[in-house]
Each structure stands twice: as structure tokens, then as C-alpha cells.
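Everything in the sequence shown is counted per UniProt numbering, starting at 1 for the first residue and increasing by one.
Cβ coordinates follow ideal geometry from the N, Cα and C atoms, glycine included.
On a predicted model such as this, the values are computed, not experimentally measured, just so you know.
Okay, so here's the structure we're looking at.
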Amino acid sequence: MERITETLSILTEADKAGADEPRVLEDELAVGKKRLYIESYGCQMNFSDSEIVASVMRNAGFATTATADDADVIFLNTCAIRDNAEQKVRNRLKQLNILKKRKPELLVGMLGCMAERLKAKLLEEEKMVDIVAGPDAYRDIPKLVEEAESGQKAVNVFLSREETYADISPIRLNSNGVTAFISIMRGCDNMCSFCVVPYTRGRERSRDAHSIVREARELAEAGYKEVTLLGQNVDSYKWTSEDGTEKVNFAQLLERVALVSPDLRVRFSTSHPKDITDEVLYTMARYDNICKYIHLPAQSGNDRILKLMNRTYDRAWYIQKIDRIRAILGEDCGISHDMISGFCSETEEEHQDTLSLLAYARYDYGYMFAYSERPGTPAARKYADDVPDDVKIRRLNEIIALQRNLSLERNQRHIGKVQRVLVEGTSKRSDDFLCGRNDQNKMVVFPKENFQKGQYVNVLVTDCTAATLLGKAV
Ligand code: SAM
Ligand code: SF4
1 MERITETLSI LTEADKAGAD EPRVLEDELA VGKKRLYIES YGCQMNFSDS EIVASVMRNA
61 GFATTATADD ADVIFLNTCA IRDNAEQKVR NRLKQLNILK KRKPELLVGM LGCMAERLKA
121 KLLEEEKMVD IVAGPDAYRD IPKLVEEAES GQKAVNVFLS REETYADISP IRLNSNGVTA
181 FISIMRGCDN MCSFCVVPYT RGRERSRDAH SIVREARELA EAGYKEVTLL GQNVDSYKWT
241 SEDGTEKVNF AQLLERVALV SPDLRVRFST SHPKDITDEV LYTMARYDNI CKYIHLPAQS
301 GNDRILKLMN RTYDRAWYIQ KIDRIRAILG EDCGISHDMI SGFCSETEEE HQDTLSLLAY
361 ARYDYGYMFA YSERPGTPAA RKYADDVPDD VKIRRLNEII ALQRNLSLER NQRHIGKVQR
421 VLVEGTSKRS DDFLCGRNDQ NKMVVFPKEN FQKGQYVNVL VTDCTAATLL GKAV
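In C-alpha cells form, the structure reads like this:
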């Protein structure tokens with residue numbers, strides 16, 4: 001599947017910044033300290049984890065640098081979700097090898113999902129790598145660095161049933177100071193047949209609800225205006241206190257975070273269709289500061305394929321969820337999806353079911369991918385990856401084209417209406433414009449005037465593209 005260039009489409013301005021390029025943690029002041037450079041690939045969970053790693057490393061005497069050339073230690077926090085995510089990291093290692101040849105004492109560590117998937121094999125395949133650490137081994141990283149400094153290769157890929165890093169305050173070094181992510185759970189128990197996540201991130205576990213609310217409160221006090229609660233499957237969040245007297249589900253957690261401050265917006269991602277409840281939807285409806293936007297991956301619109309994928313719902317169940325969202329939160333609630341084209345044995349007719357589901361749901365956005373077989377997953381063991389690459393890509397492009405039209409249609413609904421926008425910064429296209437998101441997570445661009453980052457601004461939408469709303473402050 002290397003030849004397939006997957007497309008992550010209908011991106012908003014801010015998404016674009018992170019989708020194709022790895023993100024680098026910024027410079028910290030570093031007098032007399034050793035320097036750490038971290039580059040993060042893949043999903044938001046990884047970016048969030050890198051902030052935890054930076055925090056652990058700060059306590060071990062390291063300061064981050066935004067320049068690989070300055071570093072004593074380089075970490076790549078990797079993704080394994082599709083083959084091309086891994087190829088990207090391998091190519092980056094080739095570049096870093098040049099640096100390492102110039103500076104042999106430089107240590108290179110591989111963190112995250114690719115490290116967990118390949119384990120010590122990575123050390124054999126990539127000779128320049130000194131450290132391999134899986135997603136649950138980040139507390140151990142200073143020790144692994146010490147081992148590597150003494151000339152040994154260091155590996156920890158132990159997956160934990162308890163680790164949530166609840167007590168570690170992430171260092172938000174490349175934050176815009178307005179929006180932040182809070183990791184509320186780790187791992188996944190769902191076992192979708194195509195997915196490597198249960199093997200690389202381990203069993204699902206929920207973080208202490210009090211530590212989550214505390215983190216949200218600290219962020220609000222530091223001037224942040226929006227938090228996104230993160231997990232592979234946030235709706236199955238379930239935390240019980242050690243003495244068993246307190247139980248918190250996702251709807252209750254959402255409410256607690258919403259109550260931190262009416263000025264703090266709350267978002268969450270990702271919802272699994274089988275777990276999102278009416279209780280969650282009614283909680284969203286009750287609080288103005290819980291954004292009316294739901295990311296609800298479908299993966300396919302066809303019952304047979306959904307069964308092969310082990311998604312545990314069928315098309316009718318998924319449609320009924322969409323209907324509930326619209327009934328409880330109204331037509332304007334933003335909904336986005338993930339969709340996979342060309343899963344094992346998918347026929348042309350079955351692909352048409354995916355297109356018709358898109359048309360039914362009228363999604364605002366989509367993240368769309370060609371199926372990439374991952375070694376060791378149930379799909380790789382049981383089903384042949386038999387849809388030819390060119391067919392996968394053609395189907396993917398059909399899904400993307402339809403989504404683009406739907407996104408445009410959905411955005412046009414906002415023309416002539418006033419949107420409350422949280423300003424995230426200057427527009428990438430021009431310094432004279434600001435950009436920020438509305439409630440439904442749509443990027444809105446408007447003339448700067450005297451407005452500033454972190455302010456809520458009422459913007460009248462006058463025009464749009466499939467990705468962005470354009471307007472002026474009123
Ligand atoms: N936990 C989330 C869920 O189930 O909705 C998604 C997590 S995954 C990191 C993000 C997306 O990657 C999935 O929703 C799926 O569309 C896509 N994905 C996962 N495995 C894939 C594979 N083997 N090939 C292509 N896309 C894949
Ligand atoms: Fe992967 Fe499915 Fe878990 Fe999402 S819910 S992370 S697709 S196994």
C-alpha cells in the first residue's frame with residue numbers, strides 16, 4: 001500500500017497546519033541545560049503525549065529546542081495507523097542520520113505507536129536508533145536516556161492497564177494560548193478489525209475525573225478559552241474512585257468541565273457511534289459552552305463491510321444516531337466522519353452505500369482514507385487486502401468529491417448569519433485577517449480591526465468555501 005497517497009481532505013486552516021507536517025515543540029529558555037527536540041506525527045493524542053514527555057524530561061534537566069541541530073536528544077513520537085505514516089518516519093530517520101554522523105553523541109529515540117508496534121525490531125532495522133519507548137513508558141524515559149548515554153540501547157514497550165499520566169502537567173510549549181487538549185483516557189478496547197491502535201496503545205483506561213477538571217480549571221485561569229477532551233472513544237469514559245463511592249461517566253464529566261467557566265468552550269473527540277448516548281446529547285444541549293459539533297466516524301455505509309470491520313453497529317443504527325443528534329441538537333449541529341475506502345472485498349455496490357450514507361448524513365467535514373493493511377490486525381490475519389490500489393484511490397476520490405460538495409452546502413447555510421467566533425490567531429493568508437472557529441468547529445476568517453487572539457467576536461458570514469467561512473465583525 002505504499003503507493004497510495006491517502007488524502008485527508010476538507011481541512012480547515014488550522015487543521016492544515018498539523019495534518020501533513022510533523023509538529024515540533026518550541027524553544028524553552030535553557031541556560032546550562034541539555035537540549036531535547038521532539039517531533040510528533042499522527043493524531044492529536046500523540047501531540048498531547050509529547051507535552052507529557054517534555055514535562056517528564058524537564059524534571060530530568062532537559063529543555064526543549066525547536067532546532068534538531070541544537071539537540072542532545074531527538075525524539076520522534078510516531079504513528080502506525082497507516083503504512084505511509086510509518087514510511088514518513090523512516091524517511092525522517094534517514095535525514096537525521098546525517099546529523100548523527102556529524103555528532104555521534106546525539107541520541108535518537110522512537111516513541112509512540114510505531115515504537116510499540118515494532119518494539120526491539122526497530123533497533124535492528126534502524127541502526128541509528130538508541131531508545132524505543134511505547135506510549136505507556138514515558139515516565140521511564142529519563143532512565144532510558146541514561147542507559148543510552150552509557151552506550152547501551154534502551155527499550156521499554158510495556159503496556160499498562162493503569163497508566164493515565166493523571167498527575168503530570170503537560171508543558172504546552174507550542175500552544176496558541178487559547179485552545180488546549182486534555183487527554184481523558186488512553187487505549188482502546190474496541191478491536192475494529194482494520195485498526196492497530198488496540199495493539200499499540202493497549203487497554204482502555206479512564207483518567208481520574210478530578211485531575212481532568214483541575215487541568216481544565218488551571219487552563220481557564222491561565223487564560224485559555226477552549227479545551228478539547230481527547231480519547232479514542234470518549235463516550236465510553238468511565239471512572240470510579242479508589243474507594244468505589246464515586247462513579248463518573250462521560251456525560252457527567254462533560255458537565256463538570258462545562259461548569260469550570262461559562263467562558264471556557266468545551267469540545268471532545270472521538271465519539272464511537274455505539275457509545276454516544278442521549279445523556280451526552282442532552283448535556284451538550286443544556287450548556288451553551290459545550291460546542292455543538294460531533295466527530296462520529298462511520299468507516300463505511302454498508303452493513304456487510306461494517307460487520308467485517310467489527311464496528312458493532314450497522315447502517316440503520318448509525319443513521320438513527322445521526323437522527324438523534326439532529327433531533328436533540330438541531331440541524332445546525334456540526335457532524336464529521338472518518339471513512340475508509342476499499343476495505344477487504346468491498347464491492348462497487350457496497351462503496352455506493354458509503355456515498356449514499358454521506359448524502360444522508362450531510363456531514364460538515366470528513367477525514368477519508370484508503371484502506372492500508374496493518375500487520376497483526378484481525379483484518380490482516382483473516383481477510384485478503386484484495387481491492388486494487390487504483391480502485392481504492394478512485395473510490396476515495398469519489399468520497400472526497402462528494403464530501404467537498406456537502407461541506408460547501410453546509411457552509412452556505414451560515415451565510416447571512418452571525419457566528420460567535422473564538423479568535424485563535426492571524427489568518428495564514430494575510431496578517432490583516434484573523435481566524436478562529438465557530439461553535440460547529442468551522443474556521444472563520446475576518447478582517448482584524450482591533451480584535452485580538454483569545455477574544456470572542458460576533459462575525460456576520462458573507463461568503464464561504466468548502467473549508468472556510470468568510471465574514472466581518474458586527
Ligand atoms: N478511535 C477513533 C474511532 O474509532 O472513530 C479513530 C481512531 S483512528 C486513529 C483514526 C481513523 O483512522 C479511523 O477512524 C479510521 O478511519 C482510520 N484508520 C484506522 N486504521 C486504518 C487502516 N488500517 N487503513 C486506513 N484507515 C485507517
Ligand atoms: Fe481503532 Fe476502532 Fe479503537 Fe477507533 S474504536 S481506535 S478505529 S479500534
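Among the options, the one whose alpha carbon lies nearest that of residue i
i: residue 474; options: 450, 468 and 465; result: 450
i: residue 458; options: 418, 446 and 393; result: 418
i: residue 101; options: 117, 127, 122 and 115; result: 127
i: residue 341; options: 306, 328, 313 and 317; result: 306
i: residue 45; options: 113, 439 and 57; result: 113
i: residue 176; options: 217, 193, 227 and 260; result: 227
i: residue 357; options: 388, 334, 402 and 241; result: 402
i: residue 201; options: 279, 166 and 116; result: 116
i: residue 163; options: 174, 149, 104 and 183; result: 183
i: residue 250; options: 267, 244 and 243; result: 267
i: residue 248; options: 207, 437, 276 and 96; result: 207
i: residue 104; options: 119, 335, 72 and 294; result: 72
i: residue 469; options: 426, 118, 346 and 410; result: 410
i: residue 324; options: 199, 349 and 279; result: 279
i: residue 291; options: 49, 94, 277 and 421; result: 421
i: residue 269; options: 372, 232 and 246; result: 232
i: residue 48; options: 196, 170 and 346; result: 170
Whole-angstrom distance between residue j and residue i, CA atom to CA atom
i: residue 190; j: residue 462; result: 43 angstroms
i: residue 18; j: residue 63; result: The pLDDT assigned to residue 18 is 40, lower than 50, so where the model puts this residue is not dependable; a value taken from the coordinates is nonetheless given after this. Looking at the two C-alpha atoms, the distance is approximately 23 angstroms.
i: residue 68; j: residue 37; result: 6 angstroms
i: residue 11; j: residue 151; result: Interpretation of residue 11 is limited by its pLDDT of 32, a score under 50 that renders its predicted location unreliable; the figure taken from the coordinates is listed afterwards. Rounded to the nearest angstrom, the two C-alpha atoms are 44 angstroms apart.
i: residue 211; j: residue 257; result: 11 angstroms
i: residue 467; j: residue 204; result: 33 angstroms
i: residue 40; j: residue 381; result: 29 angstroms
i: residue 351; j: residue 88; result: 29 angstroms
i: residue 86; j: residue 472; result: 42 angstroms
i: residue 154; j: residue 134; result: 12 angstroms
i: residue 288; j: residue 259; result: 11 angstroms
i: residue 379; j: residue 387; result: 13 angstroms
i: residue 370; j: residue 332; result: 29 angstroms
i: residue 321; j: residue 33; result: 52 angstroms
i: residue 447; j: residue 336; result: 28 angstroms
i: residue 488; j: residue 354; result: Nothing about residue 488 can be reported from this structure: the residues present for the chain run from 1 to 474 only.
i: residue 239; j: residue 429; result: 44 angstroms
i: residue 426; j: residue 434; result: 4 angstroms
i: residue 389; j: residue 284; result: 41 angstroms
i: residue 348; j: residue 395; result: 9 angstroms
i: residue 368; j: residue 397; result: 9 angstroms
i: residue 277; j: residue 230; result: 17 angstroms
i: residue 456; j: residue 95; result: 43 angstroms
i: residue 444; j: residue 244; result: 45 angstroms
i: residue 254; j: residue 216; result: 11 angstroms
i: residue 214; j: residue 166; result: 10 angstroms
i: residue 374; j: residue 309; result: 13 angstroms
i: residue 313; j: residue 60; result: 46 angstroms
Proximity below 8 angstroms, CB of residue i to CB of residue j
i: residue 407; j: residue 364; result: yes
i: residue 186; j: residue 180; result: no
i: residue 131; j: residue 145; result: yes
i: residue 318; j: residue 344; result: no
i: residue 108; j: residue 141; result: no
i: residue 296; j: residue 328; result: no
i: residue 478; j: residue 110; result: A question about residue 478 goes unanswered here, because the residues of the chain that appear run from 1 up to 474.
i: residue 261; j: residue 209; result: no
i: residue 92; j: residue 70; result: no
i: residue 334; j: residue 225; result: no
i: residue 157; j: residue 119; result: yes
i: residue 392; j: residue 423; result: no
i: residue 83; j: residue 293; result: no
i: residue 234; j: residue 193; result: no
i: residue 236; j: residue 275; result: yes
i: residue 174; j: residue 23; result: yes
i: residue 42; j: residue 199; result: no
i: residue 286; j: residue 303; result: no
i: residue 138; j: residue 81; result: no
Min CB distance residue i to chain D below 8 angstroms
i: residue 451; result: Included in the structure is just one protein chain, with no chain D present.
Residue ranges of each alpha helix (DSSP H) within the region 180-255, 4 or longer: Runs found: 197-201 and 209-221.
Whole alpha helix (DSSP H) elements within the region 75-128, 4-residue minimum: Annotation: the region 75-128 contains the following complete segments of the alpha helix (DSSP H) (minimum length 4 residues), in chain order: 83-102, 112-118 and 121-125.
Whole alpha helix (DSSP H) elements within the region 265-303, 4-residue minimum: Runs found: 278-286.
Whole runs of the alpha helix (DSSP H) within the region 369-426, excluding any shorter than 4 residues: Within the region 369-426, the complete alpha helix (DSSP H) runs of at least 4 residues fall at 378-382 and 389-412.
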